[in-house]
């Protein structure tokens, strides 16, 4: 069965420091991958997505992610974190079938130290 | 573009009453809408998938008579929690996908917090 793993439950970084959030997936073919961000009490906002092509994907708010097939990873990065980036981040992969359902990771909570 | 709204944003109700939550796609036609439930500090749990004009497909373990889903138009889906009980208190989030905006991507609403007393 497909699955998504976000190994880090919490990550704390200082404002201005770089950030990398890890995401690993299990999937038999080329996956459709997503990163979403959720601020407290809010819905999810799409940061970026990868379907095919260039493996380095640029998103909103200065985020990028790199698809590495050999490592089954789709890690999210940002060169300089802002205090407003503090939130919950979810990695997701689209189901292989025709349902368009998403399989979500357990999420990583980002805390930003002033 | 690709804005999804939910109403109400929060609701408090008495045990035994029914509550209806609306999910609207504001600037696109939603071929499919999804309903999720999220417990505190946890990931999203898919409850059901609905296509316009069709019966919803419920995930295993979700009571379809408890959580009634209607997708009557291409811009509106509703979730009705019938005979709500305190254990139904949760954060409910909908999402939508549309063929015209890249059908593989789900766009999420802001969520509805339900508290059942």
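Chains as they are written, first to last, in my numbering: chain G, 1 to 114; chain Z, 1001 to 1117.
Each residue gets a CB set at the ideal place from its N, CA and C atoms; glycine is no exception.
Just so you know, these numbers come straight off a predicted model, no measurement behind them.
| message | Is there a Cβ of chain G sitting closer than 7 Å to that of residue 1061 (chain Z), yes or no? | response | In the second chain, the residue the question calls residue 1061 (chain Z) occupies position 61. So no, residue 1061 (chain Z) is outside the interface.
| said: Distance cutoff 7 Å, beta carbons only. Does residue 98 (chain G) sit that close to anything in chain Z? | reply: On the first chain, residue 98 (chain G) is found 98 positions in, with the first residue counted as 1. No, no contact with chain Z.
| said: Taking only three categories from DSSP, how would you classify residue 1120 (chain Z)? | reply: Since the first and last residues shown for chain Z are 1001 and 1117, residue 1120 (chain Z) lies out of range.
| query | Got a sec: is the Cβ-Cβ distance from residue 1054 (chain Z) to anything in chain G below 7 Å? | reply | Numbered from its first residue, the second chain carries residue 1054 (chain Z) at position 54. Residue 1054 (chain Z) does not count as touching chain G.
| Who are the neighbours of residue 1093 (chain Z) on chain G, taking C-beta pairs under 8 Å? | Against the second chain, residue 1093 (chain Z) aligns to sequence position 93. Residues of chain G passing the Cβ test: 43, 44.
| Residue-level contact to chain Z via CB, residue 32 (chain G), 7 Å cutoff | By one-based count along the first chain, residue 32 (chain G) stands at place 32. Chain Z, which has a Cβ nearer than 7 Å to the Cβ of residue 32 (chain G), makes this yes.
| task | Could I get the ranges of all uninterrupted beta strand (DSSP E) runs contained in the stretch 13-44 of chain G, with 3 residues as the minimum, in chain order? | result | 19-21, 24-26, 33-38
| request: Using a Cβ-Cβ cut-off of less than 7 Å, list which residues of the stretch 80-104 of chain G approach chain Z; keep chain order. | output: 90, 94, 99, 100, 101, 102, 104
| said: Taking CB distances under 7 Å as the criterion, tell me whether residue 3 (chain G) reaches chain Z. | reply: For the purposes of this step, residue 3 (chain G) is identified with residue 3 of the first chain, where counting begins at 1. Answer no: the Cβ-Cβ gap between residue 3 (chain G) and chain Z never drops below 7 Å.
| request: Please decide whether residue 1022 (chain Z) counts as near chain G, where near means a Cβ-Cβ distance under 7 Å. | output: In the second chain, residue 1022 (chain Z) corresponds to position 22, counting from 1. Judged by the 7 Å Cβ criterion, residue 1022 (chain Z) is not in contact with chain G.
| Is the beta carbon of residue 1025 (chain Z) less than 7 Å from the beta carbon of residue 1075 (chain Z)? | Here residue 1025 (chain Z) is taken as the residue at index 25 of the second chain, counted from 1. Here residue 1075 (chain Z) is taken as the residue at index 75 of the second chain, counted from 1. Closer than 7 Å, so yes.
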